[in-house]
Every structure is written in structure tokens, then in C-alpha cells.
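Everything on this sheet refers to the single structure shown next.
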Amino acid sequence: LQQQLLQSQKMEAIGRLAGGIAHDFNNLLTVINGYAQLLLYALKEDDVHRKKVEQIFQAGEKAKNLTSQLLAFSRKQMRQARILNLNDVIENYLPMLKSLLGENITLDIQLASDLWPIESDAHQLEQILLNLIVNAKQAMPDGGKLTIITQNCAIDQKFASDNEGARAGDFVRLSVADTGVGMDQETLKHIFEPFFTTRGVGEGTGLGLSTVYGIVKQNEGMIYVTSAPQSGTIFDIYFPKVEGTEQATRPENKEEQQNLR
Ligand code: ADP
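Here UniProt numbering is used: position 66 in the sequence shown is 613, and no number is missing along the way.
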């Protein structure tokens, strides 16, 4: 399995660029959608051009959707951070995840019972889960297993110095693993870039993982992916534990903490 770390400087440059474009685009779309709507009001119900204007408006709305995802990637999105428990967010979201995965994918959920609190926005965390799980489902067209794990993790100096971009400290780890088709090295290099997709036209936007990346960075977290063709994929996300919320780590967790990849 290949472990890959992101080149954060490159991603930051792409983020700034994408954010700038998204911002200007959004303004233009407001004009297009506004006039399309005015035209719709002006046209009679049975006007032959009505359908075309409706299509302009609908396409404009879709474009607005894309730009708002891009803005999320470039961290300009508003967020309401609160102190929360990641397990609660996952549990609340489970019914939705189950219906999304369907019958032929089994779900294995392992939530740490003493998980440290983090400071984040529940809606953003749901967005992360949704994007990772939609991809996992697509990677397992013939069924498979999806595993979601939460865990307290103490990242030591050694891990931090061995892994570019990592820093030592206490983190809450979210792992989302699938047994799907996996990715080759070339794909892995680009997955977090906006608009990168290996799916066909109209099937993928290439914004799912760039959105996840943007949210993780906004939360001052770290993200790693482990994947190889036909060997499944694991996304590991680390969220910083909220300062000043000391909690005893159970002895049985200690061992797992040593096993940090
Ligand atoms: P999209 O899903 O619209 O293509 P994403 O940014 O979510 O955009 O994903 C980018 C690409 O990363 C996908 O096109 C796919 O090739 C790859 N990918 C993402 N998640 C997985 C996964 N769990 N298993 C295999 N490939 C994946």
C-alpha cells in the first residue's frame, strides 16, 4: 500500500486560485440567474422561449452549486465551530449513510468510547463523511465492506518528522476504509485537486475530495490516504483535540496509539 502525503504549498496555491475564480464566478452567475429569472417573469406561460430560459436558469443554479463547493475548498466558507464529539455526528448521520450504501455493502462502525472532543462544525463533518462514502460506494460496484473508525491518537515527534506536514500532539482520528477498486500512484497524486476526476463526463465533478481537503485544513487537521489498485482505500483524518480537555486514555488504547501509520 502506498502512503501519500499532500504537498501543502501546491494545494494552498490551488486553493487561492480556485477561491478567486469561484468568487468572481459567483458574481457573474448572480447576474445571469437574476436576468434569467426576470425574463421568466416577463414571458407568458405558453411562450415558445420559456423552456430555453428555464434551462439557462437551471444550469446557472448548478453552476452556483459548484462554485459554493469550490469556495468550501478554498476555506472562504462560513463555519460555525463548536466543541463536539465526532461519534455523535457519525451516529446522527448513520441512517442516511446506511440508505446511501444500499444492501450489498456491509458497514463496520468502531467508535472509541472515550473519544476526545474536537472543535468543528457538524455540518462540515457530515460533508466529509458524505463525500468519502459516496466515493467508497462508487469504488465497490459489486459490494464490499465500509469501515468507519474513530480513535484518540497521540502523534509523537517521530511520526511528525517522518511525515511531511504532520505535527505532534493529541488528535482524534477518523478512518474511512473501503474494500473497493483502489487507486494507482498517478491518481493518488491528484485526488485532492479541484476538478480532478477519473469518472466520465457528467458523472463526477472532481470536487468531492478537494472539499474534504479544504474542510480538514480549515479545522487545522491532517489527511492521509492509503490505497493501491484492487486493495481498497483508507482515508485517515486527524482533528486536533480541543485544548484543556484532559481525559485519561485507557490502557488498551495505548497500544493502538503506538501503531500509528
Ligand atoms: P469525483 O468523485 O467527482 O470524481 P472526487 O474529488 O470525490 O471527485 O474524487 C476524485 C477521484 O478520486 C475520483 O474520480 C476517483 O478516481 C478517486 N477516488 C476517490 N475516492 C476513491 C475511493 N474510495 N476509491 C477509489 N478511487 C477513489
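Virtual Cβ for every residue (Gly too), placed ideally from N, Cα, C.
| Taking 8 Å as the line, does the beta carbon of residue 562 fall inside it for any heavy atom of the ligand ADP? | Every heavy atom of the ligand ADP is 8 Å or more from the Cβ of residue 562, so no.
| query | Going by DSSP, what residues sit across from residue 722 in a beta bridge? | reply | In DSSP, residue 722 forms a bridge with 696 and 783.
| So what does residue 656 bridge to, in DSSP terms? | 695.
| query | Which same chain residues, not among the five before or five after residue 690, have their C-beta less than 7 Å away from its C-beta? | reply | The beta carbon of residue 690 is closer than 7 Å to those of 651 and 652 in its chain, skipping five residues each way along the sequence.
| request: Look at the alpha carbon of residue 698 and the alpha carbon of residue 737, and state the distance between them as a whole number of angstroms. | output: Each residue's Cα considered, the two are about 28 Å apart.
| said: I'd like to know if the stretch 718 to 727 and the stretch 772 to 786 are in contact, where contact means that at least 3 CB-CB pairs between them fall below 8 Å. | reply: Per the Cβ contact rule, the stretch 718 to 727 is in contact with the stretch 772 to 786 (3 or more Cβ pairs under 8 Å).
| Got a sec? Which residues, its chain only, sit under 6 Å from residue 695 by beta carbon, not counting five neighbours each side? | 656 and 723.
| task | Could you pull out every unbroken alpha helix (DSSP H) segment of at least 4 residues lying fully inside the stretch 589 to 633, listed in chain order? | result | Runs of alpha helix (DSSP H) with 4 or more residues, each lying fully within the stretch 589 to 633, are found at 597 to 620, listed in chain order.
| Cβ-based burial, residue 802 [other Cβ within 10 Å; buried from 16] | Reliability of the predicted coordinates at residue 802 is poor, the pLDDT of 39 falling under 50, and no value is obtained from them.
| task | Would you give the residue range spanned by the alpha helix (DSSP H) that residue 675 belongs to? | result | Here the alpha helix (DSSP H) through residue 675 covers 669 to 686.
| Spatial distance of residue 648 from residue 680 (CA atoms) | So the alpha carbons of these two residues sit roughly 8 Å apart.
| request: Could you give the DSSP three-state label for residue 665: helix, strand or coil? | output: Reduced to three states, the DSSP call for residue 665 is strand.
| field | Boundaries (first-last residue) of the beta strand (DSSP E) holding residue 770 | value | Unbroken beta strand (DSSP E) run through residue 770: 769 to 774.
| message | Would residue 633 and residue 667 qualify as a contact pair, given that the criterion is a beta-carbon distance under 9 Å? | response | In this structure, residue 667 lies closer than 9 Å to residue 633 by Cβ.
| CB-CB under 8 Å to residue 776, same chain, minus the five flanking residues each way: which ones, in chain order? | If we look at residue 776 and ignore the five residues flanking it on each side, its Cβ neighbours are 728, 729, 730 and 731.
| task | Identify, in the order they occur along the chain, each residue of the same chain with its Cβ nearer than 8 Å to the Cβ of residue 549, setting aside the five sequence neighbours on each side. | result | Residue placement at residue 549 is poorly supported in this model, since its pLDDT is 40, which falls under 50; the coordinates are not used for a value here.
| task | With DSSP collapsed to three states, give me the class of residue 716. | result | Of the three classes helix, strand and coil, the one that applies to residue 716 here is strand, per DSSP.
| message | For residue 760, would you say it is in contact with chain B, using Cβ-to-Cβ distances shorter than 9 Å as the test? | response | No chain B is part of this structure, which consists of one protein chain only.
| query | Can you find a heavy atom of the ligand ADP that lies under 8 Å from the Cβ of residue 753? | reply | For the ligand ADP, at least one heavy atom lies less than 8 Å from the Cβ of residue 753.
| field | Rounded C-alpha distance that separates residue 806 from residue 654 | value | Below a pLDDT of 50, predicted positions are generally treated as unreliable, and residue 806, at 38, falls in that range; the measurement from the model is reported next regardless. Between residue 806 and residue 654, the C-alpha separation is close to 23 Å.
| Grouping DSSP H, G and I as helix and E and B as strand, with all else coil, what is residue 738? | The three-state reading of DSSP puts residue 738 in coil, since its state is none of H, G, I, E or B.
| field | Neighbourhood of residue 742 by C-beta distance below 6 Å, restricted to the same chain and skipping five residues each side | value | Within its own chain, the residues whose Cβ lies closer than 6 Å to the Cβ of residue 742, once the five positions on either side in sequence are excluded, are 753, listed in chain order.
| task | List the whole-angstrom C-beta distance separating residue 576 from residue 611, where the pair is believed to meet the contact cut-off of C-beta under 8 Å. | result | With 8 Å as the limit, residue 576 and residue 611 qualify as a contact, their Cβ atoms being about 5 Å apart.
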